[in-house]
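For reference, the structure is listed below as structure tokens.
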Amino acid sequence: MPPELSEEGQLVAEALDKGTLPLLKDKVEPILEQNWGEQPRDVGCDPEARTLCAFYVVVSILLQMGEKPTSLFS
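In the working numbering, each residue carries its 1-based index in the sequence shown increased by 265.
Pasting the structure below:
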């Protein structure tokens, strides 16, 4: 029996079940593409751009984790 999920884990599982994460990724991706298409800039200097990039990376990783069963608890 897998261990009980933390509150954060439950929120992520719920977002995966409801399909919220793919929608968020789809909304963030065009913004990133537009920003870099119009004005390539150093992300390290812009806190908002850094936050958006980090958010995109986290959502992408969570989506990949949701697609592949892991053997950590086997």
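Just so you know, even glycine gets a beta-carbon here, dropped at the ideal spot from N, CA and C.
Residue i, enclosing alpha helix (DSSP H) - first and last residue
| i | result |
| --- | --- |
| Glu272 | 272-283 |
| Glu313 | 312-332 |
As assigned by DSSP and simplified to three states, the class of residue i
| i | result |
| --- | --- |
| Glu269 | coil |
| Ser336 | Only weak support exists for where Ser336 lies, its pLDDT of 49 falling under 50; the coordinates are left without a value. |
Contacts around residue i, its chain only, beta-carbon distance under 8 angstroms, and the 5 residues preceding and following it disregarded
| i | result |
| --- | --- |
| Tyr321 | Lys290, Val293, Glu294, Leu297 |
| Leu328 | Leu281, Leu286, Pro287, Lys290 |
Cβ shell of residue i (< 7 angstroms), same chain only, five flanking positions each side left out
| i | result |
| --- | --- |
| Ser325 | Lys290 |
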